[in-house]
Every structure is written in structure tokens, then in C-alpha cells.
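Data first, discussion second: the structure below is written as C-alpha cells.
Residue numbers (the working numbering), protein chains in the order written: chain A, 159 to 265; chain B, 159 to 265.
Have a look at this one:
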């Protein structure tokens, strides 16, 4: 069975959306690689897990970037919160499955 | 006042995260430009606003891309839903503020 005919302008816009979505997925995958490395570094070096000053700077910066790109700054902040929720989930999983460096066997 | 000393590896990872976040914000801005154009096209050409088959294909594709990139496919699906919620909000705003082409004056 063939696909129903699709408006060529719609097909073109959808092709752009699909390319952008692939880029977003890969950027998100790379971001989570970075935050996992941050989590491991903070655990290893006994650094404080949260840094409210850094988080406030990130929000302010993303809101400004969004404004320049004609994106709703409130949406940009909601987006960062959405990502951070997933980062916290990763850190919790890492903590719950961590094997201490000094352990001589799994436990 | 100077910033407190920061672990160099943490500073490096944060620089990567900041670059990725800027890329994400700009990709999102471009994605919403595309979905706004889709909304305008569908309104102009009287095309159906929703396309469940297209949406199912998008979810399946993003889940597969996420898996290949070592990203949780459930997160990728949640992410698409998060974006789509914003797209719907844009379409509602556009609908509520639309001025019909045939109107001779604002109303």
C-alpha cells in the first residue's frame, strides 16, 4: 500500500523537523554523558552534589539565549528543569548501583 | 570578588554542557519555527491539524535513535511529548489571535 499524497511544503517542513529531532536526541545523549561524568567526578573528589549559584547562572543564561533566538524564556527554563529532573534520576540510579572503590567484592 | 576555585575537570565538563545547552536552545527555536510554519500551512490549506500515523512514526524513530545513542528511549519519548505540548500551546495562541484572511478590518 502506498502512502497517501502529502502536501510538498508539509513534507519539506517535516523533513526539517525530523533532522532537528535527530540532532536534539544526539545533543541530549552527549549532555547526559557530560552530566554522568560530573556525577562521577563529584563522587570521586567529594565535591558537593548541588551548586545553586551555578544553577542560577545556567537559568539566566538560557533565558537570555532563548530571548535572542525568539524562543519563550519561560519555555527554556521549563526545558532546563525537565532535563535536570532526568539528570537527578541518573545520579540516583548511579548512587543505588555504585560499588565502592575499596570493596573487594560486589555487594 | 573572585569566584571560588573550581576543579579544572568540572570546569571543562561545565563548558561542554553550556555549549550543548546553547545548541539545544537554538535547535528548539528552529524546530518551533518549523512547527509554526506547519500550523500556518495546515490552516491555509485546510489540512487536518493532527496526524496520528505521523506521530506514531516520530515516536518509533526517536526511540530507535535514542537507543543507538545510548539514551533511554522512554526519556526520548517523554521529551517529544514535552515539545509537542508546547507546539499545541503555540497553535492555540495562533488560533486565538488569528485574523481571518477575508476580514476587512481587525476584530
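No residue lacks a Cβ here, since even glycine has one placed at the ideal position from N, Cα and C. Predicted, not measured: the structure shown is a model, and the values here were computed from it.
For this session: Whole angstroms is fine: what's the gap from residue 210/B's alpha carbon to residue 168/B's?
Result: 44 Å
Exercise. Taking DSSP as the reference, what is the three-state secondary structure of residue 165/B?
Worked result: coil
Problem set entry | Interface partners of residue 234/B on chain A, CB under 7 Å | 183
For this session: Report all residues from its chain with a CB closer than 8 Å to the CB of residue 248/A; omit the five preceding and five following residues, and keep chain order.
Result: 190, 193, 194, 197
Exercise. Measuring CA to CA, which of 165/B, 201/B, 179/B, 221/B is closest to residue 188/A?
Worked result: 179/B
Exercise. Using a C-beta cutoff of 8 Å, does residue 255/A count as contacting chain B?
Worked result: no
Exercise. Out of 172/B, 163/B, 166/B, 165/B, which has the shortest C-alpha to C-alpha gap to residue 216/A?
Worked result: 172/B
Problem set entry | Within-8 Å CB hit, residue 196/B to chain A | yes
Problem set entry | Endpoints, the alpha helix (DSSP H) within which residue 268/A is located | One cannot answer for residue 268/A here, as it falls past the ends of chain A, which runs 159 to 265.
Problem set entry | Interface partners of residue 165/B on chain A, CB under 8 Å | 199, 203, 205
Exercise. So is residue 164/B buried or exposed if we call it buried at 16+ other beta carbons inside 10 Å?
Worked result: exposed
For this session: Output yes or no for whether 8 Å exceeds the beta carbon distance between residue 185/B and residue 238/A.
Result: no
Exercise. CB-CB under 8 Å to residue 170/A, same chain, minus the five flanking residues each way: which ones, in chain order?
Worked result: none
Problem set entry | Cα-Cα separation between residue 212/B and residue 227/A, rounded to whole angstroms | 28 Å
Problem set entry | Cα-Cα separation, residue 201/A to residue 220/B | 32 Å
Problem set entry | chain B contact residues for residue 188/A, given Cβ-Cβ distances below 7 Å | 178
Exercise. Which chain A residues sit within Cβ distance under 9 Å of residue 224/B?
Worked result: 183, 186, 187
Exercise. Between the C-alpha atoms of residue 243/A and residue 218/B, what's the straight-line distance to the nearest angstrom?
Worked result: 23 Å
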